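Q:
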Amino acid sequence: MNAEELLTKYAGGDRKFKNINLRGLDLKGADLSGIDLQGADLAGCNLDQVNLSKANLNSANLSRASLLKANLSGINGCHANFTLAELADADLSKAELCKAEFKNANLDNANLTNTQLNDIEFNKTSLFKANLTGAKLFNSSFIQVNLAETDLTQADLSDALLKNTNLQKCKLRGADLKQCDLSGANLADADLVGVYLKDANLTKACLQNANLQGADLQNANLTKANLNNANLRKADLTNANIYGATFENTDLTGAIMPDGEIYQESAASYSQVESMTRKVIKTDNAPAPVGPYNQAIMASGEMIFVAGQIAIDPRAGSVVYTDDVTKQTERVMANLEAILTEAGATFENVVKTTVFLKNMGDFAAVNAVYAKYFDEASAPARACVEVSRLPKDVLVEIECIAML
Numbered sequence: 000m001n002a003e004e005l006l007t008k009y010a011g012g013d014r015k016f017k018n019i020n021l022r023g024l025d026l027k028g029a030d031l032s033g034i035d036l037q038g039a040d041l042a043g044c045n046l047d048q049v050n051l052s053k054a055n056l057n058s059a060n061l062s063r064a065s066l067l068k069a070n071l072s073g074i075n076g077c078h079a080n081f082t083l084a085e086l087a088d089a090d091l092s093k094a095e096l097c098k099a100e101f102k103n104a105n106l107d108n109a110n111l112t113n114t115q116l117n118d119i120e121f122n123k124t125s126l127f128k129a130n131l132t133g134a135k136l137f138n139s140s141f142i143q144v145n146l147a148e149t150d151l152t153q154a155d156l157s158d159a160l161l162k163n164t165n166l167q168k169c170k171l172r173g174a175d176l177k178q179c180d181l182s183g184a185n186l187a188d189a190d191l192v193g194v195y196l197k198d199a200n201l202t203k204a205c206l207q208n209a210n211l212q213g214a215d216l217q218n219a220n221l222t223k224a225n226l227n228n229a230n231l232r233k234a235d236l237t238n239a240n241i242y243g244a245t246f247e248n249t250d251l252t253g254a255i256m257p258d259g260e261i262y263q264e265s266a267a268s269y270s271q272v273e274s275m276t277r278k279v280i281k282t283d284n285a286p287a288p289v290g291p292y293n294q295a296i297m298a299s300g301e302m303i304f305v306a307g308q309i310a311i312d313p314r315a316g317s318v319v320y321t322d323d324v325t326k327q328t329e330r331v332m333a334n335l336e337a338i339l340t341e342a343g344a345t346f347e348n349v350v351k352t353t354v355f356l357k358n359m360g361d362f363a364a365v366n367a368v369y370a371k372y373f374d375e376a377s378a379p380a381r382a383c384v385e386v387s388r389l390p391k392d393v394l395v396e397i398e399c400i401a402m403l
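All residue numbers for the sequence shown refer to numbering that gives the first Met the number 0, where the first residue is 0 and numbers rise by one.
1) Give the straight-line distance between the Cα atoms of Leu5 and Ala99, rounded to the nearest whole angstrom.
2) Specify, as a first and last residue, the run of the beta strand (DSSP E) that Ile303 falls within.
3) Run the CB neighbour count on Thr202, radius 10 Å, all protein chains shown included, and call it buried at 16 or more, exposed below.
4) Give me whichever residues DSSP pairs with Tyr262 in a beta bridge.
5) Buried or exposed for Glu247, going by 16 or more other Cβ atoms inside 10 Å?
6) Leu339 lies in the alpha helix (DSSP H); which residues open and close that run?
7) Could you name the residues of the same chain whose beta carbon sits closer than 6 angstroms to that of Arg388, not counting the 5 residues immediately before and after it, in chain order?
8) Can you tell me which of Ala380, Lys357, Ser317 puts its alpha carbon nearest to the alpha carbon of Asn418?
9) Within 10 angstroms of the Cβ of Val386, are there 16 or more other Cβ atoms? Answer buried if so, exposed if not.
10) Which runs of the alpha helix (DSSP H) spanning at least 4 residues fall entirely within the segment 75-104, listed in chain order?
11) Output the boundary residues of the alpha helix (DSSP H) element that contains Thr152.
12) Considering only the beta carbon of each residue, do Leu56 and Leu24 sit closer than 9 angstroms?
13) In angstroms, rounded to a whole number, what distance separates the CA positions of Asp323 and Ala285?
14) Suppose contacts are defined by Cβ-Cβ distances below 9 angstroms. Is Ala134 in contact with Thr114 by that definition?
15) In this structure, how does DSSP classify Leu136 when only helix, strand and coil are distinguished?
16) In whole angstroms, give me the CA-to-CA distance for Asn18 and Asp40.
17) Grab me the residues of Asn45's own chain with a C-beta within less than 6 angstroms of its C-beta, minus the 5 sequence neighbours each way, in chain order.
18) Measure the alpha-carbon distance for Ala401 versus Ser92 and round it to whole angstroms.
19) Under a Cβ-count criterion, where at least 16 other Cβ atoms within 10 Å of its own Cβ denotes burial, should Thr321 be classed as buried or exposed?
20) Could you work out which residue in Ala199, Thr353, Glu396 is closest to Ala382 when comparing CA atoms only?
21) Given a threshold of 16 other Cβ atoms within 10 Å of its Cβ, counted over all protein chains shown, does Val305 qualify as buried or as exposed?
22) Are the CB atoms of Ala89 and Ala69 nearer to each other than 9 angstroms?
23) So for Glu398, helix, strand or coil by DSSP?
24) Thr252 to Tyr262, Cα distance in whole Å?
25) Just tell me which of Asp118, Phe141, Asp312 has its CA closest to the CA of Leu126.
26) What is the DSSP secondary structure of Thr7, reduced to helix, strand or coil?
27) From Asp235 to Asn227, what distance separates their C-alpha atoms?
28) Find the nearest neighbour of Ala189 within the set Glu336, Val49, Gly73, Ala174, judged by alpha-carbon distance.
29) Measuring alpha carbon to alpha carbon, tell me which residue in Phe81, Leu146, Leu96 is nearest Asn108.
30) Alpha carbon to alpha carbon, how far is Thr328 from Val395?
31) So what does Met297 bridge to, in DSSP terms?
32) Quick one: give me the first and last residue of the beta strand (DSSP E) that Ala364 is part of.
33) Per DSSP, which one or two residues make a beta bridge with Asp312?
34) With a threshold of 16 other CB atoms inside 10 Å of the CB of Ala154, please say whether the residue is buried or exposed.
35) Compare the C-alpha of Gly43 against each of Cys77, Thr82, Gln294, Ile34 and name the closest.
36) For Gly213, count neighbouring C-beta atoms within 10 Å of its own C-beta (all shown protein chains included) and say buried if the count is 16 or more, exposed if not.
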């Protein structure tokens, strides 16, 4: 069907055009409000300034279509394909677009207020200065999307994926970002007042100069995030992971810190706050824990507490050299070295060791191996004790503390 036939039938009162092939037609400026184009193929069409308000576009193909300044308000467009579509300055307010596809689409300055946009792929989409106030975007994907200066006030972005997304100067006041993945996102200068970020992933996110006053950051992951010059007044950081995060010139007045205490500027510098942080160290090059403990814990990024190691080969998961204390000690030291390496340390960083022996008569043999790993002049403090029995009936166990 060509454009003239379509417009003639529409003018005659026909609204049913399901699954029709309209590829490449020029319908610029046409009034097609309320039309039923479910499943229709509109790929490559010129739909600039067209009126499609309250149209049925469910499962329609609009890939590579041009919809500049088009009126798409109130449409039903679930499962529609807008890949590579041009939607700049279009009006999509109050539209139903769940599970639609917008890969590589241009929605700059588009009006998406109160639009249903859940479970959508916005991969490599541009939404620069778009208005998404009150939009429902939960479970949607925003991989490498430009959302700079976008208005997302009171939008629902819970469980959304915004990894490496540009949200610079974005308005997110009152938005729901619960369990949202914002790792690597650029939120510099963003307005995040009162935002709900509980359990959100903000690893390596840039929040420089962002306004997070009163934000809920409980259990949020802020590992290595940049919060320099940010406003965190009265924010709730209870149980948040702030390992490696930077807080230069950050306003934490009245904020609840990860330990549940109210921040007191006169009593604590950020370096003291950082002392509350901890990081679990894990490596496949040492035996996996066999109980409720970890291989090591790094505290404040400076101290590493390595759990006691025994002669288990991590590849086999079993004790080796059951009757040879020398060989067992070599295996123990190799396991310690693997864990220290994973934490960014070496034996030179070790400040304290504890050696547990099943038989103190083995001390000389154990010490001979131990001495190969530490210079006498700088060797760490050490305690050696005999115990009646060790895990898995091994002959030796060694734990250590290191400082970076």
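Don't be surprised by glycine CBs; every beta carbon is placed ideally from N, CA and C. These figures come from a predicted structure and were not determined experimentally.
A: On the basis of the supplied data:
1) Rounded to whole angstroms, Leu5 to Ala99 spans 25 angstroms at the Cα level.
2) Membership of Ile303 in the beta strand (DSSP E) is indicated by the continuous run 302-308.
3) Counting Cβ neighbours within 10 Å, Thr202 comes out buried, since at least 16 surround it.
4) For Tyr262, which the question treats as bridged, DSSP gives no partner whatsoever.
5) Counting other Cβ atoms within 10 Å of its Cβ, Glu247 stays below 16 and is therefore classed as exposed.
6) DSSP places Leu339 in the uninterrupted alpha helix (DSSP H) bounded by 324-341.
7) Excluding its 5 nearest sequence neighbours in each direction, Arg388 has no C-beta neighbour in its own chain below 6 angstroms.
8) The question about residue 418 has no answer here: the residues shown for the chain are numbered 0 through 403.
9) The residue in question, Val386, is exposed, as its Cβ has fewer than 16 Cβ neighbours within 10 Å.
10) For the segment 75-104, not a single whole alpha helix (DSSP H) run of length 4 or above is found.
11) Segment: none, Thr152 is in no alpha helix (DSSP H) and carries neither H nor E.
12) No, the pair does not count as a contact, with Cβ atoms beyond the cut-off.
13) Rounded to whole angstroms, Asp323 to Ala285 spans 20 angstroms at the Cα level.
14) Yes; because the gap between Cβ atoms is below 9 angstroms, this pair is in contact.
15) Note: Leu136 maps to coil in three-state DSSP.
16) The straight-line gap from Cα to Cα measures roughly 7 angstroms.
17) Same-chain partners within the cutoff: Asp25, Lys27, Ser65.
18) So the alpha carbons of these two residues sit roughly 58 angstroms apart.
19) Classification of Thr321: exposed, given that the 10 Å Cβ count is below 16.
20) The candidate whose alpha carbon is nearest that of Ala382 is Thr353.
21) Label assigned to Val305: buried.
22) Result yes, Cβ atoms of Ala89 and Ala69 sit closer than 9 angstroms.
23) Of the three classes helix, strand and coil, the one that applies to Glu398 here is strand, per DSSP.
24) Take the alpha-carbon of Thr252 and the one of Tyr262: they are about 6 angstroms apart.
25) Among Asp118, Phe141, Asp312, the Cα nearest to that of Leu126 is on Phe141.
26) Reduced to three states, the DSSP call for Thr7 is helix.
27) Each residue's alpha carbon lies about 17 angstroms from the other.
28) Of the candidates Glu336, Val49, Gly73, Ala174, the one whose C-alpha sits nearest the C-alpha of Ala189 is Ala174.
29) Looking only at Phe81, Leu146, Leu96, the smallest Cα-Cα distance to Asn108 is reached by Leu146.
30) Looking at the two C-alpha atoms, the distance is approximately 7 angstroms.
31) Met297 is bridged to Lys278, Ile303.
32) Here Ala364 belongs to no beta strand (DSSP E); instead the alpha helix (DSSP H) covers 362-369.
33) In the DSSP assignment, the residues bridged to Asp312 are Ser317.
34) Flag for Ala154 reads buried.
35) Answer by Cα proximity: Thr82.
36) Around the beta carbon of Gly213, a 10 Å sphere encloses 16 or more other beta carbons of the protein chains shown; the residue is thus reported as buried.
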